[in-house]
Amino acid sequence: MSLEVRTITEAEFPDWHRALNTGFLRPPVSADDVVASRRANSDLTRTLGAFDEGRCVATFRSFTQELTLVGGATLTADAISNVTVSPTHRRRGLLGRMMGADLAAAKERGDAVATLIAAEYPIYGRFGFGPATWITEWAIEVARTGLDPRRSGPDGGGRIDLVDIADVRKIGPELHDRFRVTQPGAIDRDERWWRRETGLDASVLPRTEPYYAVYRSATGEPEGLVRYSADGMWRDSKTPLCTASVQSLIALTPAAERALWQYVCSIDWVTTVKTGHRAPDDLVTRFLPDPRAASVVTHADYLWVRILDVVRALEARTYAVPGSLVLEIVDSADLASGRFRLDASPAGAVCAPTTESPDVVLDVRELGALYLGDESAVTLAALGTLTEETTGAAARTDVLFRTPRRPWCPDIF
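This is the structure we're talking about:
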């Protein structure tokens, strides 16, 4: 029998959830409240399944997301998540069918971009996604940092306060909204995110409650928030060997960021700090008198972007310098293909279809990688995935698109 791909019904959600668990190698059966919580946060009109004789064998879900662009504007994105294919039904084109249906619907809906976080690197390029942000995690040997263990608190009149979950619910959403418009690649944190963060969402696996600390400026204004956990490891010689693991750290100023990292590195008994997923050019190592105290644990791609509307996407961000460029975009799905003239500036841009000869030719996946300012067009040209039709055009593309600091997505979805 042929496999059916379609949106799921209310009655099919528990079976869809079972298939989701199977694909992610979790126990297939979940408690009723966990299924109910996930159902409450899923739009069934954007929740797809593949069915074989009535049994769900593949899953796919999307939802509306706000993505921060270069320049601080936000753009509505089709955020894709919960993508699985059961091991019994691999290599049958199910992902392609689900992805094709979702991206077509997103294009029809008017979404200019789609986003996802790829569990596996090779999968999503063939659907037009490019890796637009990367992450790095460091392990910091506290004793080697050179930080003064006698420090009593931040410089400049600021202070660090430990806060509880009730405080996080009050402080967190506004602080993050102020932060995310300053960080290309950041995404919005909706009500469900904050419910998960503060332990109110039953779909979250059991966890040990973390610690929260807020940095307040000299005027008492919250300007940074860190969430971390710590283990209780001790050596047989009765000396501490504890690790503090940072799950989230956002800050509005370098002073707030420095103060929070210095706080985490000053906690008694903590000998190692794991930074969690940061931007590859994060300041954390430079805050240390000896940056060699930090060693890289993880470095990997993170947020992937798929352009659906070239004109709207390129006009929504700003550019480093004034300049013009004609781009020919190749898109096998024909969602964003065409030739476009971009007239860009730090104040904004105008983009329109054109019949002019192209300066560069590239696949839509490379445009996604370039979009937030992280990738180098010169590198893509050297790799053969961007073709330079006009001498020096790759370098001009770099000058226009690249950003002084790398984009960063702090959150998984």
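Residues in the sequence shown are numbered consecutively from 1466, following this note's numbering. We treat Cβ as the ideally placed atom computed from N, Cα and C, and that holds for glycine. In this text the structure is predicted, and so the values were computed from the model without any measurement.
Going by alpha carbons, who is nearest to A1695 out of H1482, E1674 and K1703? Looking at H1482, E1674 and K1703, the one whose alpha-carbon comes closest to that of A1695 is E1674.
Scan the stretch 1597–1659 and note each continuous beta strand (DSSP E) run of 3 residues or more that stays entirely inside, going in chain order. Runs of the beta strand (DSSP E) lying entirely within the stretch 1597–1659 and spanning at least 3 residues, in chain order: 1599–1606 and 1624–1628.
Rounded to the nearest angstrom, how far is the Cβ of S1551 from that of A1523, given a contact under 8 Å? About 6 Å separates the CB atoms of S1551 and A1523; that is less than 8 Å, so the two are in contact.
Would you mind sorting V1470 into buried or exposed? The rule is 16 or more other CB atoms within 10 Å of its CB. Only buried fits V1470, as 16 or more other CB atoms lie within 10 angstroms of its CB.
Residue(s) in a DSSP beta bridge with E1793: Answer by DSSP bridge pairing, in chain order: R1804 and V1826.
Please report the Cβ distance between L1779 and A1801, rounded to the nearest whole angstrom; I am assuming they are in contact, meaning their Cβ atoms lie under 8 Å. Wrong, their Cβ atoms sit about 11 Å apart, outside the cutoff.
Under 7 Å Cβ to Cβ from V1761, same chain only, skipping five residues before and after it: list those, please. In the same chain as V1761, and ignoring 5 residues on each side of it, the C-beta atoms closer than 7 Å to its own belong to T1601 and W1603, in chain order.
Candidates V1826, N1506 and G1685, of which the one nearest L1790 by Cα: For L1790, the closest alpha carbon among the candidates V1826, N1506 and G1685 is that of V1826.
Given 8 Å as the limit, is there contact between the stretch 1840–1853 and the stretch 1542–1557, that is, 3 or more CB pairs closer than that? Verdict: no, contact absent.
Exposure label - W1699; buried when at least 16 CB within 10 Å: Only exposed fits W1699, as fewer than 16 other CB atoms lie within 10 angstroms of its CB.
Please tell me whether V1729 and Y1767 are closer than 8 Å, where the distance is taken between their beta carbons. Against a cut-off of 8 Å, the Cβ pair of Y1767 and V1729 comes out as no contact.
For the alpha helix (DSSP H) that N1486 lies in, which residues bound it at each end? First-last of the alpha helix (DSSP H) with N1486: F1478 to G1488.
Taking D1808 as the reference, give the member of D1839, V1776, D1828 and E1639 with the closest Cα. Nearest Cα to D1808 within the set D1839, V1776, D1828 and E1639: V1776.
Suppose you measure from the CA of K1635 to the CA of E1531; what does that come to, to the nearest Å? Spanning the two alpha carbons is a distance of roughly 21 Å.
Cα-Cα separation, D1666 to E1477: Rounded to whole angstroms, the separation of the alpha carbons of E1477 and D1666 is 22 Å.
Can you give the Cα-Cα distance for F1592 and R1871, rounded to whole angstroms? If you draw a straight line from the Cα of F1592 to the Cα of R1871, it is about 24 Å long.
Which same chain residues end up closer than 7 Å to H1482 when comparing Cβ atoms and leaving out the 5 residues on each side of it in sequence? If we look at H1482 and ignore the five residues flanking it on each side, its Cβ neighbours are S1495, V1500 and R1503.
What would DSSP say about R1742, mapped onto helix, strand or coil? The sequence given here has His at residue 1742, not Arg. Looking at H1742 - three-state DSSP - the assignment turns out to be coil, as it is neither helix nor strand.
Through-space distance from L1640 to D1799, alpha-carbon basis: Rounded to the nearest angstrom, the two C-alpha atoms are 40 Å apart.
Can you find the residues in the same chain that come closer than 8 Å, C-beta to C-beta, to P1756, ignoring five residues on each side of it along the sequence? Residues T1750 of the same chain have their beta carbon placed closer than 8 Å to that of P1756, with the five preceding and five following residues left out of the count.
In three-state terms, what does DSSP make of F1873? Inspection of the sequence shows that residue 1873 is occupied by Trp rather than by Phe. In the structure shown, the three-state DSSP call for W1873 is coil.
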